[in-house]
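One structure below.
Numbering (this note's numbering), first residue to last: 15 to 318.
This is the structure in structure tokens:
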């Protein structure tokens, strides 16, 4: 009798255990999507993470508990323990869960693994646990300043060359890629110059030559330097700095002296031409005289 009861008990445990294993091996609830409200997760900054939890089963699930964590606390919940509870998700439905998070300071620029643990029950009370991983890219803050803007002359005449130099300082945590500068405005000719990559904590030097093309009128003229750069992902950024330059009408002094100088120059050119002509004529005369003398000499020799 004991053997029969033991055999029946083993069969019952096997059936129940087998049924549990089959169901547990086919989880019906999963993280189907995620969204960062701010667009990017920046090291040291807060962000809002929304996870979409989907029930792909043909029956409702209940008592859903979702917990998020990172291995070394790279991404930290700002409220609570990173856990959210949902009473029920209907069949073929989804639920969005939102977490206020912060990326730790000093992170490298890469994707970090966010572990998502989902615990829930089937409509029959069977318990399930699903472990998933979501990879969250973290970028470094991009920040620069433009200092030591220098103009050889801040007051120039129309048509003059304008020399501009400046220091571009990388105050952010990541490298600034493909840094370039555009000079443009109401008075200066538009031009672009390439600076290159600037590592965190370092500076790049900008040297540019442009031209004064429009006379400054009034107090509302504006000339600027537009610094453009990219982060590691290729996202583009811009920063502007004002260029203080005034373009004046050309001023000509001592016009009479300039005129005299022009007249003198003309006279000199005429004199040079006359001298050149005299030299040519003299050379021609000398040639014919010498030729005549040689001819007379040959005649005299023949007569003798």
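Even glycine gets a Cβ: it sits at the ideal position worked out from N, Cα and C. Owing to the predicted nature of the structure, the values given are computational and were not obtained by experimental measurement.
In the DSSP assignment, residue 148 falls within the unbroken beta strand (DSSP E) covering 141 to 153. Here residue 197 is buried: its Cβ has 16 or more other Cβ atoms, across all protein chains shown, within 10 Å. Within the stretch 69 to 139, the beta strand (DSSP E) runs of at least 3 residues that lie entirely inside it are, in chain order, 75 to 83, 89 to 91, 97 to 103, 108 to 117 and 125 to 136. Annotation: the continuous beta strand (DSSP E) that includes residue 238 extends over 237 to 244.
Between residue 188 and residue 158, the C-beta gap is not smaller than 7 angstroms, which leaves the two residues out of contact. In the DSSP assignment, residue 228 falls outside any beta strand (DSSP E), carrying neither H nor E. Three or more Cβ pairs closer than 8 angstroms define a contact, and the stretch 104 to 113 falls short of that threshold against the stretch 222 to 229. A contact is defined here as three or more CB-CB pairs under 8 angstroms, and the stretch 169 to 183 meets this definition with respect to the stretch 249 to 267. When C-alpha distances from residue 180 are compared across 68, 222 and 146, the shortest belongs to 222. By the Cβ neighbour-count rule, residue 143 is exposed, with fewer than 16 other Cβ atoms within 10 Å of its own. For residue 183 and residue 132, the gap between their C-alpha atoms comes out near 46 angstroms. The way I'd put it, the stretch 64 to 73 doesn't touch the stretch 116 to 127; fewer than three beta-carbon pairs between them come closer than 8 angstroms.
Membership of residue 195 in the beta strand (DSSP E) is indicated by the continuous run 190 to 199. Annotated three-state conformation of residue 166 is coil, per DSSP. Across the set 214, 137, 146 and 178, the C-alpha of 214 shows the shortest separation from the C-alpha of residue 123. DSSP places residue 257 outside both helix and strand once states are collapsed to three, so it counts as coil.
In the structure shown, residue 265 adopts coil according to DSSP, grouped into three states. By alpha-carbon distance to residue 147, the top candidate from 238, 258, 256 and 65 is 65. Under the DSSP definition of a beta bridge, residue 220 partners with 180. Contact between residue 160 and residue 255 is confirmed by a C-beta separation of about 4 angstroms, below the 8 angstroms threshold. Counting along the chain, residue 214 sits inside no beta strand (DSSP E), nor does DSSP assign it H or E at all.
The Cβ-Cβ distance between residue 237 and residue 199 falls below 7 angstroms.
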